[in-house]
Amino acid sequence: MKSKIFNLYIALTLLLLGSCNYLDITPVGQVIPRKASEYRAVLGSAYKMVPQHKALLNMRGTEFNPEDDPFGFGLDNFDAYKDIYTWNDNSQDSKTTEYPYVSFYQTIFLTNEIINNAKNAEKDSDESLNQIIGEAYALRAYIYFELANLYAPAYEQNSAASAKAIPITTEIDIEQTFPRATLQKVYDLIIDDMGKARSLMEVEQQKMEANRYRFSLISLYALESRVFLYQKQWQKSAEASQKALAINDELEDMNSASYKPNTHYQSKEAILSIEYVTSLELRDYASISNSLLSLYGDGDLRPSKYFAESWLGYMVTNKVNSTDERVSFRRAEIYLNAAEALAHLGKDSEARQFMSTLLKNRYTPAAYTTQLQHINSLSGEALVDEILLEREKELALEGHQWYDWRRTTQPEVKKSVKGEEYILKKNDPRYTLQIPKSAREANPLLSE
Numbered sequence: 028m029k030s031k032i033f034n035l036y037i038a039l040t041l042l043l044l045g046s047c048n049y050l051d052i053t054p055v056g057q058v059i060p061r062k063a064s065e066y067r068a069v070l071g072s073a074y075k076m077v078p079q080h081k082a083l084l085n086m087r088g089t090e091f092n093p094e095d096d097p098f099g100f101g102l103d104n105f106d107a108y109k110d111i112y113t114w115n116d117n118s119q120d121s122k123t124t125e126y127p128y129v130s131f132y133q134t135i136f137l138t139n140e141i142i143n144n145a146k147n148a149e150k151d152s153d154e155s156l157n158q159i160i161g162e163a164y165a166l167r168a169y170i171y172f173e174l175a176n177l178y179a180p181a182y183e184q185n186s187a188a189s190a191k192a193i194p195i196t197t198e199i200d201i202e203q204t205f206p207r208a209t210l211q212k213v214y215d216l217i218i219d220d221m222g223k224a225r226s227l228m229e230v231e232q233q234k235m236e237a238n239r240y241r242f243s244l245i246s247l248y249a250l251e252s253r254v255f256l257y258q259k260q261w262q263k264s265a266e267a268s269q270k271a272l273a274i275n276d277e278l279e280d281m282n283s284a285s286y287k288p289n290t291h292y293q294s295k296e297a298i299l300s301i302e303y304v305t306s307l308e309l310r311d312y313a314s315i316s317n318s319l320l321s322l323y324g325d326g327d328l329r330p331s332k333y334f335a336e337s338w339l340g341y342m343v344t345n346k347v348n349s350t351d352e353r354v355s356f357r358r359a360e361i362y363l364n365a366a367e368a369l370a371h372l373g374k375d376s377e378a379r380q381f382m383s384t385l386l387k388n389r390y391t392p393a394a395y396t397t398q399l400q401h402i403n404s405l406s407g408e409a410l411v412d413e414i415l416l417e418r419e420k421e422l423a424l425e426g427h428q429w430y431d432w433r434r435t436t437q438p439e440v441k442k443s444v445k446g447e448e449y450i451l452k453k454n455d456p457r458y459t460l461q462i463p464k465s466a467r468e469a470n471p472l473l474s475e
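Quick note on numbering: the sequence shown equals residues 28 to 475 in our numbering.
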């Protein structure tokens with residue numbers, strides 16, 4: 028049954044890409060969901076379709092250096108990633124990996140079906156329809172947020188109302204066209220969806236580790252914490268962070284023998300575990316850059332947990348050792364979000380407290396004492412800068428560096444590949460990705 032439920036999303040995706048031939052599309056073998064259990068299955072499919080794109084974002088940053096396949100067999104697949112690594116977004120090379128686009132909308136179409144129709148479903152299990160619909164709203168908000176941060180400018184209040192972003196679709200309508208909405212309209216939808224999810228959500232946190240791919244109230248607050256941080260709505264971000272931590276504030280203690288990798292879905296830090304944060308290719312044929320390794324000082328326990336020396340003699344990531352290494356939101360980010368938001372609000376003492384709690388679990392006791400003295404000596408902009416530095420160290424290799432550059436200073440970045448230098452200028456237009464060529468060719472409205 029699950030394999031047949033709602034195959035209509037294939038046709039709907041084609042609708043999004045181009046409207047010229049949609050009348051020729053006839054879904055085959057579709058089963059329109061009518062029961063609560065069937066809508067849960069649809070939602071399960073939506074979760075599975077969330078793109079695994081964070082590894083591509085890591086390639087745009089400076090955390091990895093590509094390494095050659097020592098056997099000369101091309102196993103490193105660098106041709107597929109070179110243009111991404113060097114920000115050559117106008118590449119015509121067919122080998123270059125394309126950023127996901129269609130798969131985001133496949134997820135959105137499934138959430139739309141649930142949001143619009145599940146309320147009338149037949150109750151055939153213990154599944155709460157409110158919870159299912161609430162999760163669908165939360166997942167749709169998250170997907171639109173990811174799309175906006177890939178294919179639209181970084182959010183600025185003064186320009187969001189005119190900045191072109193991405194298409195919005197909230198219902199199934201064969202007459203609908205798909206122009207790019209403004210960034211403000213996208214964020215308005217995200218915030219509205221989060222509010223509706225909050226009013227419906229019944230599960231405070233997923234008690235069963237196997238269900239940590241599902242949204243709950245705590246992961247919704249985590250999403251709000253991030254969304255409002257990116258919007259520079261510091262008070263709302265701080266409040267959402269504190270609500271999430273009020274439900275569960277546990278951190279992994281790197282001083283403890285019972286430490287479990289904090290990107291593992293069974294970690295006590297795990298809040299929402301949907302996405303792989305990197306790839307096997309990056310683990311095997313990309314070394315950790317010296318610029319990242321140099322950030323960690325004496326007594327910082329994170330390098331020993333995050334990195335390992337490969338048999339080829341360079342440092343590689345430890346954050347992709349199994350299919351269980353999935354993280355969309357984890358607790359440490361919420362501490363950092365709270366600290367950053369509070370520091371921007373001038374509440375330095377409260378910001379330092381969140382940093383103190385996090386760092387106590389990341390440094391040896393002696394190093395923590397030294398680090399705490401340093402944190403306590405900072406205020407204002409210097410404190411914000413220190414929090415961003417700790418964010419870079421804590422969330423390394425999880426897809427955050429690129430987004431954090433975008434939402435803050437959009438700095439100039441330089442890279443060297445086989446003796447050739449590449450430069451991403453400050454405030455470079457390439458901080459916003461182009462919608463993939465295949466989508467633009469299928470739907471000319473995306474080029475406007």
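By construction, the Cβ of each residue, glycine as well, lies at the ideal position given by its N, Cα and C atoms.
For residue 442, the enclosing beta strand (DSSP E) begins and ends at 440-444.
For residue 342, the pairing in a beta bridge is given by DSSP as 336.
Residue 435 and residue 88 have their alpha carbons spaced roughly 14 angstroms apart.
The criterion of a C-beta distance shorter than 7 angstroms is not satisfied by residue 382 and residue 370. Per DSSP, the unbroken beta strand (DSSP E) holding residue 447 starts and ends at 447-451. For the pair residue 385 and residue 359, the CB atoms are nearer than the 7 angstroms cut-off. Cβ contact annotation for residue 191 (same chain, cutoff 6 angstroms, sequence separation greater than five): 207, in chain order. For residue 108, the secondary structure class from DSSP, reduced to helix, strand or coil, is coil. Around the beta carbon of residue 412, fewer than 16 other beta carbons lie within 10 angstroms, which makes this residue exposed. Under DSSP, residue 327 forms a beta bridge with 390.
Using a C-beta cut-off of 8 angstroms, the stretch 384-398 makes no contact with the stretch 297-306, since fewer than three inter-stretch Cβ pairs fall below that distance. Residue 470 and residue 205 have their C-alpha atoms some 8 angstroms from each other. In this chain, the beta strand (DSSP E) harbouring residue 91 covers 91-93. Per DSSP, the continuous beta strand (DSSP E) segment holding residue 315 begins and ends at 313-315. Listed as beta-bridge partners of residue 353 by DSSP are 303. Judged by DSSP in its simplified three-state form, residue 287 adopts coil rather than helix or strand. Residue 149 is bridged by DSSP to 62.
With contacts defined by Cβ atoms closer than 7 angstroms, residue 294 and residue 279 form a contacting pair.
Within the same chain, and ignoring the five residues on either side of residue 177 in sequence, the residues whose Cβ sits closer than 7 angstroms to its Cβ are 126 and 460. Within a 10 Å sphere around the beta-carbon of residue 159 sit 16 or more other beta-carbons, which makes this residue buried.
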